[in-house]
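Contents: one structure, followed by commentary.
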Amino acid sequence: MCGISGKINFDGQPVSKPLIRSMMHAMNHRGPDDTGTYFSNNIGLGFVRLSIIDLSFQGHQPMHDPERRYTIIYNGEVFNYIELKKELISRGYSFYSNTDTEIVLNSYKEWGEKCLDLLNGMWSFCIYDKKKKTLFLSRDRYGIKPLYYFVSDKSFIFASDIKSILKAEKNKLSPNKEAIYNYLFYNRTDYDNETFFSEIKKVNPGHNLKILLDGNQNEQELINKGYSKISKNVFSRKWYDLKSRVSESKTFLNHDEYRNLLFSSIDLRLRSDVPVGISLSGGLDSSSILTRLIDKRLNLNTFSAVYGENIKGDEMNYIKEFKNIVQKMNFVKIKDNDLYKDLDLFLDCHSSEPIVDTSIYASFKVFEEAHKKIKVTLNGQGADEQLGGYIYFWGHYLKNQLKKGKLINVINELVHSYKNQNNLSSLYFLIYFLSPQSFKFAYRSGDVSYLKKDFVNSVSDKRKILNLVEKSSSLQDSFVRHFNYKLQHLLKWEDINSMNFSIESRLPFLDYRLVEKTLSLEGEEILFKGQTKYILRKALNGYLPEKIRTRRDKVGFETPADTWFRNENFKKRILSTLDSSHFAQLDIIDTKKAIKLYKMHLSKKMNISRDIWKWINLDFWFKKHFS
1 MCGISGKINF DGQPVSKPLI RSMMHAMNHR GPDDTGTYFS NNIGLGFVRL
51 SIIDLSFQGH QPMHDPERRY TIIYNGEVFN YIELKKELIS RGYSFYSNTD
101 TEIVLNSYKE WGEKCLDLLN GMWSFCIYDK KKKTLFLSRD RYGIKPLYYF
151 VSDKSFIFAS DIKSILKAEK NKLSPNKEAI YNYLFYNRTD YDNETFFSEI
201 KKVNPGHNLK ILLDGNQNEQ ELINKGYSKI SKNVFSRKWY DLKSRVSESK
251 TFLNHDEYRN LLFSSIDLRL RSDVPVGISL SGGLDSSSIL TRLIDKRLNL
301 NTFSAVYGEN IKGDEMNYIK EFKNIVQKMN FVKIKDNDLY KDLDLFLDCH
351 SSEPIVDTSI YASFKVFEEA HKKIKVTLNG QGADEQLGGY IYFWGHYLKN
401 QLKKGKLINV INELVHSYKN QNNLSSLYFL IYFLSPQSFK FAYRSGDVSY
451 LKKDFVNSVS DKRKILNLVE KSSSLQDSFV RHFNYKLQHL LKWEDINSMN
501 FSIESRLPFL DYRLVEKTLS LEGEEILFKG QTKYILRKAL NGYLPEKIRT
551 RRDKVGFETP ADTWFRNENF KKRILSTLDS SHFAQLDIID TKKAIKLYKM
601 HLSKKMNISR DIWKWINLDF WFKKHFS
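Counting in this note's numbering, the final residue of the sequence shown is number 627, and the numbers go up one at a time with none missing.
In structure tokens form, the structure reads like this:
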């Protein structure tokens, strides 16, 4: 796991070496083990390394092929590198290292862009072709590893971290009003290639970029290959389409096949030359991963966030199911005032773009603790998005059942759901998703009445997220949409948190083989008798502790933020922020309405902890970049 960065000057001028080094310095935390640069005429590349596979200097990057035609800088892991290496050796290739980097480079030499279909892992990488004078950038199928860029008539700049790009172009940037609106209105970020900076974009998941260093010499050739021109000398192509792959996929024959494929994914992600641990929340997903390690008789470190008995978000009651099996269990006890003490440090860690809620803080503290003992973690990120882990999926499912005329099924599921959840959430979401888009928009608008009308009116497409995510034609379409658009911000935060402490986070549930087959399932294999993740529960019967396998609630790394924001320290910070001239000058939020809402939160008349957090976060972001 590493950080990559680079710049191309379209006017042919040499790239500044100090600029590349400053970009690298901005993400030293991503790669504290080694650094490297490459300069050739109007191109400059920078690299910082976190050594995971082949710790020797043979893994140094930038890496070149023997003829030095190709140069690669690479962030990520391709977990099936051993199998690919055997295939490449059979085709006449020889290797001087045991790295997956060399595998990716030679795979590109052998198969060109088609090599991406063979890679099982997570990545963002750049390959410079000295002969053709082109730069090739690629991002993995689901966007596990980040890749950002800035392009103008004069240059193209890219990096694993926005902070690196800010080192080169900070004075030319402006806030993205649409991104800010969707953040405040929909609690959503990373739904397309936009960022909070209007001029900085991200390479979308499953996309490639091709940059021509010498004008338009290969422009028509690229267009013929399916590339589209996005700016001068910069072209983009979608190489992976989840929806079509799901439609083509054969589903699981039985629950055993699901379990075997999940375990295969976990086994691949255990390949490492450094210690591996697990982020254990106590939920079904991370516990399923731990179960495989127990089955393999591997006693690795687990890391969990806890808050204390009877405190909202605490999962110790489930985590302790493993206490007599796992010897190396590590706990981070998060207290009321910890977030306040860490606030500026935590906000600065995520200062590139604001984050939606405080649940990310729990993950932040887990990685902080894990950093003391390991360099690689496994966790269950991505399972909820493909296995119906969010309560609102019941709305989609029940709506789909009604469309099929299965009224009895709907009634039965509502009854089971009520028994499991002890509330009418499933019925609520059924009504919500049966409603027209205009009603949904109006309903959501009531939750953000504190937004200034002039700011709202300045946003051209206020229903973009609503249409992207909720306008689905079927249950499967709904799952695919949510997987594509909800997962992105979670993956970004996971990457930032883990890499802040120089840890590589691996996600077994995001093995593409597993994702494609799971999303091809019928609804009853995912949502059944008021339970989510039905196939996972059935597949791990006899493997997971029953208390976890049959649990009805979902928590994850949740925090008791509603309580935290009522303590005296936060009260002073929040009121000071809302009452500041800087906050008022943003001209986004009606401060009088915001203060009134916060006072209602203080009196426990309502819980607006997520809104409060967004106000604090947004104020910090503006001060950081535009003050």
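All C-beta atoms, glycine included, are put in the ideal place defined by N, C-alpha and C.
Keep in mind that this is a model prediction, so the values were computed, not measured.
Per DSSP, Ile4 is one residue of the beta strand (DSSP E) stretching across 2-9. In this structure, Trp123 sits near Tyr74, with a CB-CB distance shorter than 8 Å. In the three-state DSSP reduction, Arg297 falls in the coil class, being neither helix nor strand. Within its own chain, the residues whose Cβ lies closer than 7 Å to the Cβ of Leu222, once the five positions on either side in sequence are excluded, are Lys210, Phe235, listed in chain order. Judged by DSSP secondary structure, Ala159 falls within the beta strand (DSSP E) whose first and last residues are 155-159.
In the DSSP assignment, Ile165 falls within the unbroken alpha helix (DSSP H) covering 162-169. With fewer than 16 neighbouring CB atoms inside 10 Å of its own CB, Arg68 falls in the exposed class. Taken through DSSP and simplified to helix, strand or coil, His64 comes out as strand. Contact fails between the region 15-35 and the region 178-191, because fewer than three Cβ pairs, one in each stretch, are under 8 Å apart.
Straight-line measurement puts the Cα of His207 at about 39 Å from the Cα of Ala584. Rounded to the nearest angstrom, the Cβ distance from Leu280 to Ser288 is 11 Å, too far for a contact under 8 Å. The Cβ-Cβ distance between Asp34 and His60 falls below 8 Å.
DSSP, reduced to helix, strand and coil, places Ser124 within a strand of the structure shown.
Asp348 sits in a helix when the DSSP states are folded into three classes. Nearest in C-alpha terms to Leu424, of all of Ser473, Gly530, Asp461, Arg513, is Gly530.
Look at the beta carbons and you see the region 1-10 touching the region 39-48: at least three pairs across the two are nearer than 8 Å.
The beta carbon of Arg463 lies closer than 8 Å to those of Gln437, Phe441 in the same chain, with the five residues before and after it left out.
DSSP lists Val376 as the beta-bridge partner residues of Glu504. C-alpha of Lys399 to C-alpha of Leu427: approximately 10 Å in a straight line. Using a 10 angstroms sphere on the CB of Leu597, the tally of other CB atoms reaches 16 or more, which defines it as buried. Phe136 sits in a strand when the DSSP states are folded into three classes. Taking a C-beta distance under 8 Å as the contact criterion, Ser160 and Met63 do not qualify as a contact pair. Within the DSSP secondary-structure output, Lys238 pairs in a beta bridge with His207. Sorting Ser16, Lys323, Ser498 by C-alpha distance to the C-alpha of Ala370 places Ser498 at the top.
Within the DSSP bridge table, the entry for Val306 names Lys333 as partners. With fewer than 16 other CB atoms across the displayed protein chains lying within 10 angstroms of its CB, Ser627 is exposed.
Using a Cβ distance threshold of 8 Å, Val274 and Lys375 count as a contacting pair. In this structure, DSSP gives Val48 an extended state, which the three-state scheme calls strand.
Taking 8 Å as the cut-off, the beta carbon of Tyr307 is found closer than this to the beta carbon of Ile334. Secondary structure at Tyr191: coil, using DSSP grouped into helix, strand and coil.
Per DSSP, Asn409 lies in no beta strand (DSSP E); the unbroken alpha helix (DSSP H) holding it starts and ends at 407-421. Bounds of any alpha helix (DSSP H) do not take in Glu524, whose DSSP letter is neither H nor E. When the alpha-carbon of Lys312 is set against those of Pro560, Pro32, Leu586, the nearest one is in Pro560.
For Ile595, same chain residues with a beta-carbon under 8 Å away, outside a window of 5 residues either side, are Leu575, Leu578, Asp579 in chain order. Within the same chain, Cβ atoms closer than 8 Å to the Cβ of Tyr70 are found at His64, Leu105, Tyr108, Lys109, Ile127, Tyr128, Asp129, Lys130, the five residues on either side in sequence being excluded. Rounded to the nearest angstrom, the gap between the Cα atoms of Phe303 and Leu55 is 25 Å.
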